[in-house]
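Colleague: Protein chains in written order, with full-length UniProt numbering: chain L, 1 to 368; chain W, 1 to 368; chain F, 1 to 368; chain D, 1 to 368. Note that the Cβ used here is the ideal one computed from N, Cα and C, for glycine as well. Just so we're clear, the structure is a prediction, and the values are computed from it rather than from any experiment. There's a structure below that I have some questions on.
There are 4 protein chains.
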Amino acid sequence: MTRRAALHLIPTAHPGDVSGLEALIDQGRLSPPEIVAILGKTEGNGCVNDFTRAFAVAELGTALAPRLGLSRAGVLAQVAMVMSGGTEGGLSPHLLVLTVENTQEPATGALAIGTAFTEAFHPEEIGRMAQVEATARAVREAMRQAGLSSPGQVHFVQVKCPLLTTARIGEAVSRGKAVATADTYESMGLSRGASALGVALALEEVPRAALSDGVIGHDLSLWSGRASASAGVELERNEVIVFGTSPEWAGDLCIAHAVMRDAIDLPAVQKALRGAGLSTDGGQLGPEEAGRLVALLVKAEPSSHGTIRGRRHIMWDDSDINATRHARALVGGVVAAAVGRTDLFVSGGAEHQGPDGGGPVAVIARRQ
Amino acid sequence: MTRRAALHLIPTAHPGDVSGLEALIDQGRLSPPEIVAILGKTEGNGCVNDFTRAFAVAELGTALAPRLGLSRAGVLAQVAMVMSGGTEGGLSPHLLVLTVENTQEPATGALAIGTAFTEAFHPEEIGRMAQVEATARAVREAMRQAGLSSPGQVHFVQVKCPLLTTARIGEAVSRGKAVATADTYESMGLSRGASALGVALALEEVPRAALSDGVIGHDLSLWSGRASASAGVELERNEVIVFGTSPEWAGDLCIAHAVMRDAIDLPAVQKALRGAGLSTDGGQLGPEEAGRLVALLVKAEPSSHGTIRGRRHIMWDDSDINATRHARALVGGVVAAAVGRTDLFVSGGAEHQGPDGGGPVAVIARRQ
Amino acid sequence: MTRRAALHLIPTAHPGDVSGLEALIDQGRLSPPEIVAILGKTEGNGCVNDFTRAFAVAELGTALAPRLGLSRAGVLAQVAMVMSGGTEGGLSPHLLVLTVENTQEPATGALAIGTAFTEAFHPEEIGRMAQVEATARAVREAMRQAGLSSPGQVHFVQVKCPLLTTARIGEAVSRGKAVATADTYESMGLSRGASALGVALALEEVPRAALSDGVIGHDLSLWSGRASASAGVELERNEVIVFGTSPEWAGDLCIAHAVMRDAIDLPAVQKALRGAGLSTDGGQLGPEEAGRLVALLVKAEPSSHGTIRGRRHIMWDDSDINATRHARALVGGVVAAAVGRTDLFVSGGAEHQGPDGGGPVAVIARRQ
Amino acid sequence: MTRRAALHLIPTAHPGDVSGLEALIDQGRLSPPEIVAILGKTEGNGCVNDFTRAFAVAELGTALAPRLGLSRAGVLAQVAMVMSGGTEGGLSPHLLVLTVENTQEPATGALAIGTAFTEAFHPEEIGRMAQVEATARAVREAMRQAGLSSPGQVHFVQVKCPLLTTARIGEAVSRGKAVATADTYESMGLSRGASALGVALALEEVPRAALSDGVIGHDLSLWSGRASASAGVELERNEVIVFGTSPEWAGDLCIAHAVMRDAIDLPAVQKALRGAGLSTDGGQLGPEEAGRLVALLVKAEPSSHGTIRGRRHIMWDDSDINATRHARALVGGVVAAAVGRTDLFVSGGAEHQGPDGGGPVAVIARRQ
């Protein structure tokens, strides 16, 4: 018996919209017990006070609970939920529902998906080596679960990670523990960075000896070319979803990835598209190729040095629009230019995820 | 004697930064009397309270006044100043200084530039046929001045136009006149729209019989494929800059244009690039071609129907970030993907400038 | 048998936080069947894309459903939910849970609360006389239900009203009906305005003959001194909560109101406080008086003429922060100055609710 | 011969508006050589990319240069310019032009004004003791110049201070010097904090022994009750304006101050008003008293602990509106409630300026 992964891309009308998911289930096109993870782009600001993520998670849990015979908490314990806020520019809010089913089909060497969770972190572990190493263990566990035996088979690792809140910091302090930062917004970046370095460690992109508390968030020369991490207030553990190619899996989906060297690295996007069997002659995918694109996942971040190929950008200096919002809009434009679609998973905050100002891009497509 | 046009692209460190312009003048590389117009991207919000435009104009006037032996007002009467606010995403603030000089060189069929101004408008004329027709006359005058004898020779027309303020509306009302709108933000769109239709009329893109007060801002099927209009509080007349190709002009600059059908129409951008002699094999311009790109000017606007190729965008519903800011960031990403540079003139508010959700794009390049 | 009204002010940690409500219920201090309405201030932007309101309503419904033996939809059909987005400045997010219980206590002439709902509106009715008149009927029904026999007994009427969405407009158009506006943001104001005029009609503040479709949103000289309307996408009908003083009700709560002539009308706030038995000697309530304050409800809106007592404000011209956000922050400061607390129900958008730039203010307090 | 200070409050129509100043000069009501300082509230965001401050300074310099027979740089070297960005809520943009003239009038014990400048700071001095001590020396110099012989005679000290930019940091690094922070936004707070502690040192509010690099920005228990500091990119030195009461000065102006314990401390505002001879019976100044108010200067800042009198505020968590913008709107509402006017100098960022969440307030009024 082999396994087959599927992705269901469902447009949403607002952050609490689960009608599309419910319709697929009611039509028998999606079986709730097969759901292993749900990724989503919601239309909040993607920053501290973005409650669209929690709203979406709550409604997804409420919708699935009766269909899985679980409480809402039970659903959230079983299904990894990665909501990424921010659909700036032309990005289109949507859900990506990931399912895995057993099948009698022959294995074809197809997309494989595995998930794993760490234990809940103590606040003082966030943004530090404890989080790096726990994440690395979870990545290895998710690989094992997916039957991905070597790092080379892995093309993308999506991590949802916690952040520090004033309450959590206070709890740590009351136990005499110091946290990595007292700035809650900054803790989002440290948590993402530690998570990405955990992926890099598991995928052997960065040696253990190069890692220490001090490099997290500081030494940007250390990075994973396949990690994508997103921080949220709604969880205390890391949730890991590994995407790879396994000879043991069935189906017509394939995955490829590349690393954008900067925010306007169209050639890298096109390389990932070609890797997944999508021709890019003439620049933008034609309608047939665009139709075979199942998902594009990419990280966006302003370069720390304030320039793109030597020309000044204003993302860091804009006190009206957060820098990550600018970056998502920009990278969203670049990838939409490549594929001719806007329902793409562009996620902000790429600490240790690709080089400074760039980031990993992964493409999942249906084979011709 | 022939004429030769030149464009000087000058990065700016902030909206009041004229040091780059002054350095070029001091180095003898730019002669102040040859300046006919200055376009600029400034880093404000591009909306009602964007004072970066006025700040830039004031400082440019102050810097040029002693160098031209004029008062600041005298400079502004002579040199068309088109500051466009908003460098969202990765766009890089810069000035484009346009000069025209007489030369002994042979005419080569090169970029030609002409400028003209309308009379100051009465408030009640803004956004109405009076503005359409005065703009059309100014376009014809600028063409005549540039030696562009037919509409087919024109590739882009940049217009700076006024808007209604509470004070100007009050003045009209005190004379018993009704204005097109009492909403000052809305007046920006009507003024841009009337100006664009004036360009369309002069370039014979839209017949006179199709035009009336009622269609301005409403019938989006009427548009110019070469107009770009920008509204600002700092002027009361329309300032028109016509770009074309004339057999009577010298130099190595050429221009081409295309019309983006929507905000992610990369093929249209690539068509304009090819038209100006820039190869786009492989998607993004290589360093050599990018180096020959002198200026790219494009309009950006959210589609009125709330979707891009059938997928929902959230630009109109975001009460934190103005829709035009989203659109500039998005289109900035698309054109930067094409050319590998971010110092591009992406301007928002494309009423009657290209189809709904799209807009004209013009490319000025140095010949190989 | 008499009735007694109570208000439970519950601070919230985030828009989906129902833990405080659940704790009160679990402690036996609040009986779910007695809940007639829940008002809340949530920390979104209070504008079009403020999903904190819907999030709060969803979680309140989810929390109450098992405790009332109803579905979530059943809860929402029974309990009026008025979430008001926007806690700018120092305002503190909170819920106000309104309960009514039967009691053996003697009637004392105390706070009386009544609720009523209109039918769902057709889109073409919103912002027009149909909404005005249906609202007036609902106000009269809520008065009757509360035993308030004359308009003079009514001190405040809170209305939650629908708005037009692109989908709703399309539905109307498909039936050949024209809507009051095609601008969804503008529809919020028209819906609030029509609702407020409905209150004014029921309370005999404005005669029926003065009302017509044309005055809604335009003739700002027509207003209610006791209406507060809030628009939200989550409903299609008007939900009306009437607050008054009735000789037939028991308990120690009393209510008073006044009308702020402009946004800085501290004397009006102090008049309402005094009306509810709270002394304001020295300007700000002392701790004892502040402790007896149960709720302060007030409307905030920028004056349409752009000035406050002749001095320019910039609320309408700020394209980064919506005008209603400025107004809530300002009025929040004024009322917090008066009472020395920040958990106040300051709601934006005061069309026909008090004079231009001002608004009604109501105070509910415990008697000494 | 005695001196007399005067303040001219001039409303502005936009940040570059100097027409009111020019009119006063042209009417002979204000003599340019008597101008010692210009304070202004401009309508930008008050944060990093607020160019309205620099625009205002540039236009003021341009306007005064010919009237003083100086270059623009010469004007700025002589006249202290303190532009404070941010007129959130209902605050009204305006200029406060401070003049000092010699007079034959008898000394009355009136408002005295003195100004002084530090040397330009090296970047590594900003936010550190070097800035503290240089500021203290400048305060003493300004006191001496104003004839204020003891700290008790001083009621308010306004400081304009520099910030770190990427370029300035790079310059220091190139000399092998470390700066206090690499975060340019954070440097604004450190510079304001060091400046405020310099005032506290000069006014003997904090002993020298309590001060060190380490307390700046960290030990919020150290503060001045009379300092107000504003950071701007347009200068490299500190500019100090001292306001006090001196028996040697003439005129009918007087000054008083108080310290707001938190953002809603109306009683402190009323205490300062009474100190300046303005009665506050009934809460808000009546028209006559409001007319005698010449200027109200106050600092605003969100409390670091996230609450106001125990109730949560959302200022720090709002990623759409900067926390200082919320704070100015809030405090603007509180002080406008007190005085019935909105043309008030409410300035954000109160590090070491009053207690955590509060700040100094000064009132300048005409005697009855």
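State the beta-bridge partners of Ile113 (chain D) as determined by DSSP.
Modeller: In the DSSP output, where bridge partners are listed per residue, Ile113 (chain D) has D:Phe243.
Colleague: Is it true that the CB of Gly359 (chain D) sits closer than 9 Å to the CB of Glu301 (chain D)?
Modeller: Contact flag set, yes.
Colleague: Could one say the Cβ of Asp265 (chain L) lies closer than 9 Å to chain D's Cβ atoms, at least one of them?
Modeller: So, not an interface residue.
Colleague: Check each candidate in D:Ala250, D:Gly127 and D:Thr118 and name the one with the smallest Cα separation from Gly214 (chain D).
Modeller: Measuring from the Cα of Gly214 (chain D), the nearest candidate turns out to be D:Gly127.
Colleague: Hey, which unbroken runs of the alpha helix (DSSP H) at 4 residues or more fall wholly within the segment 54 to 141 of chain D?
Modeller: Those alpha helix (DSSP H) runs which fall completely within the segment 54 to 141 of chain D and span 4+ residues are 72 to 78.
Colleague: Distance check for Met143 (chain L) and Gly40 (chain L), CA to CA, integer angstroms please.
Modeller: Each residue's Cα considered, the two are about 22 Å apart.
Colleague: Would you kindly check if the distance between the Cβ of Ala13 (chain L) and the Cβ of Phe156 (chain L) is under 9 Å?
Modeller: In this structure, Ala13 (chain L) does not lie closer than 9 Å to Phe156 (chain L) by Cβ.
Colleague: So, are the CB atoms of Asn49 (chain F) and Ser304 (chain W) less than 9 Å apart?
Modeller: No, the pair does not count as a contact, with Cβ atoms beyond the cut-off.
Colleague: Does DSSP put Ile25 (chain L) in a helix, a strand or coil?
Modeller: Helix, per DSSP.
Colleague: Per DSSP, Gln284 (chain F) forms a beta bridge with which residues?
Modeller: Bridge partners of Gln284 (chain F): none, in fact.
Colleague: For the segment 49 to 68 of chain W, which residues have a CB atom closer than 7 Å to at least one CB atom of chain D, in sequence order?
Modeller: Result list: Asn49, Phe51, Thr52, Ala54, Phe55, Ala58, Glu59 and Thr62.
Colleague: Beta-carbon of Gly16 (chain D) versus every beta-carbon of chain W: anything under 9 Å?
Modeller: Output row for Gly16 (chain D): interface = yes.
Colleague: Should Leu197 (chain L) and Leu220 (chain L) be called a contact, given that it needs their Cβ atoms to be closer than 9 Å?
Modeller: Not in contact: Leu197 (chain L) and Leu220 (chain L) (Cβ atoms no closer than 9 Å).
Colleague: If you drop the 5 nearest sequence neighbours on each side, which residues of the same chain put their C-beta closer than 7 Å to that of Glu59 (chain W)?
Modeller: Excluding positions up to five away in sequence, the list reads Gly16 and Val18.
Colleague: For Ile216 (chain W), decide whether its Cβ has a neighbour in chain F, counting only Cβ atoms nearer than 9 Å.
Modeller: By this cut-off, Ile216 (chain W) is not an interface position.
Colleague: With a threshold of 6 Å on Cβ separation, who are the neighbours of Ala258 (chain F) within its own chain once the five nearest residues in sequence on each side are excluded?
Modeller: Hits under 6 Å: Ala268, Lys271, Ala272 and Val361.
Colleague: Which residue spans inside the segment 156 to 224 of chain L form an unbroken alpha helix (DSSP H) run of at least 4?
Modeller: The segment 156 to 224 of chain L contains these whole alpha helix (DSSP H) runs: 166 to 174 and 184 to 202.
Colleague: Shorter than 9 Å from the beta carbon of Glu43 (chain F) to some beta carbon of chain D?
Modeller: Glu43 (chain F) counts as touching chain D.
Colleague: On a CA-only basis, which of F:Val82, F:Arg3 and F:Leu266 is nearest Ala336 (chain F)? Give me that one, please.
Modeller: The candidate whose alpha carbon is nearest that of Ala336 (chain F) is F:Leu266.
Colleague: Considering only residues of the same chain and omitting the five flanking positions on each side of Glu101 (chain L), which have a CB-CB separation below 6 Å?
Modeller: Contacts found: Arg4 and Glu34.
Colleague: Would Ala276 (chain F) be called buried (16 or more neighbouring beta carbons within 10 Å of its own) or exposed?
Modeller: Classification of Ala276 (chain F): buried, given that the 10 Å Cβ count is 16 or more.
Colleague: Cβ closer than 7 Å: which chain W residues qualify as neighbours of Leu330 (chain L)?
Modeller: Gly89, Gly90, Ala329, Gly332 and Gly333, listed in chain order.
Colleague: How do the segment 122 to 141 of chain F and the segment 221 to 238 of chain F stand: do at least 3 beta-carbon pairs fall below 8 Å, yes or no?
Modeller: Because the criterion of three Cβ pairs below 8 Å is met, the segment 122 to 141 of chain F and the segment 221 to 238 of chain F touch.
Colleague: When the Cα atoms are used, what is the spatial distance from Ala295 (chain D) to Ser187 (chain L)?
Modeller: Taking the straight line joining both Cα atoms gives about 42 Å.
Colleague: Closer than 9 Å, CB to CB, is Gly306 (chain D) near chain L or not?
Modeller: So yes, Gly306 (chain D) belongs to the interface.
Colleague: Considering only residues of the same chain and omitting the five flanking positions on each side of Ala231 (chain F), which have a CB-CB separation below 6 Å?
Modeller: Counting only Cβ-Cβ distances below 6 Å, and skipping sequence neighbours, we find Cys161, Leu163, Met188, Ser191 and Arg192.
Colleague: Please report the Cβ distance between Val242 (chain L) and Gly114 (chain L), rounded to the nearest whole angstrom; I am assuming they are in contact, meaning their Cβ atoms lie under 8 Å.
Modeller: Right, the Cβ-Cβ distance comes to about 5 Å (below 8 Å), so this counts as a contact.
Colleague: So which residues of chain W does Gly283 (chain L) contact, with C-beta pairs closer than 9 Å?
Modeller: Ordered by position in chain W, the residues that pass the 9 Å Cβ test against Gly283 (chain L) are Leu266, Pro267, Val269, Gln270, Thr280, Gly282, Gly283, Gln284, Ala337 and Ala338.
Colleague: From this set, D:Met83, D:Ile308 and D:Ser279, which residue's C-alpha is nearest Phe51 (chain D)'s C-alpha?
Modeller: Per the Cα distances, D:Met83.
Colleague: From W:Ala329, W:Asn322 and W:Ala23, pick the residue whose C-alpha is nearest to that of Thr324 (chain L); which is it?
Modeller: That would be W:Ala329, whose Cα lies nearest to the Cα of Thr324 (chain L).
Colleague: Check the Cβ of Thr166 (chain L) against every Cβ in chain D and list those closer than 7 Å, keeping chain order.
Modeller: Residues of chain D passing the Cβ test: Gly306.
Colleague: What are the boundary residues of the alpha helix (DSSP H) that His305 (chain F) is part of?
Modeller: Neither: His305 (chain F) is in no alpha helix (DSSP H) and is coded neither H nor E.
Colleague: Let's test the definition: count the other Cβ atoms within 10 Å of the Cβ of Ser246 (chain L) and tell me whether it reaches 16, buried, or not, exposed.
Modeller: That one is buried.
Colleague: Helix, strand or coil for Val259 (chain D), going by three-state DSSP, please let me know.
Modeller: Strand at Val259 (chain D).
Colleague: Verify whether the separation of the beta carbon atoms of Arg274 (chain F) and Pro355 (chain F) is less than 9 Å.
Modeller: The answer is no: Cβ separation not under 9 Å.
Colleague: Give the range of the alpha helix (DSSP H) segment to which Leu330 (chain F) is assigned.
Modeller: Element bounds for Leu330 (chain F): Ala323 to Val339.
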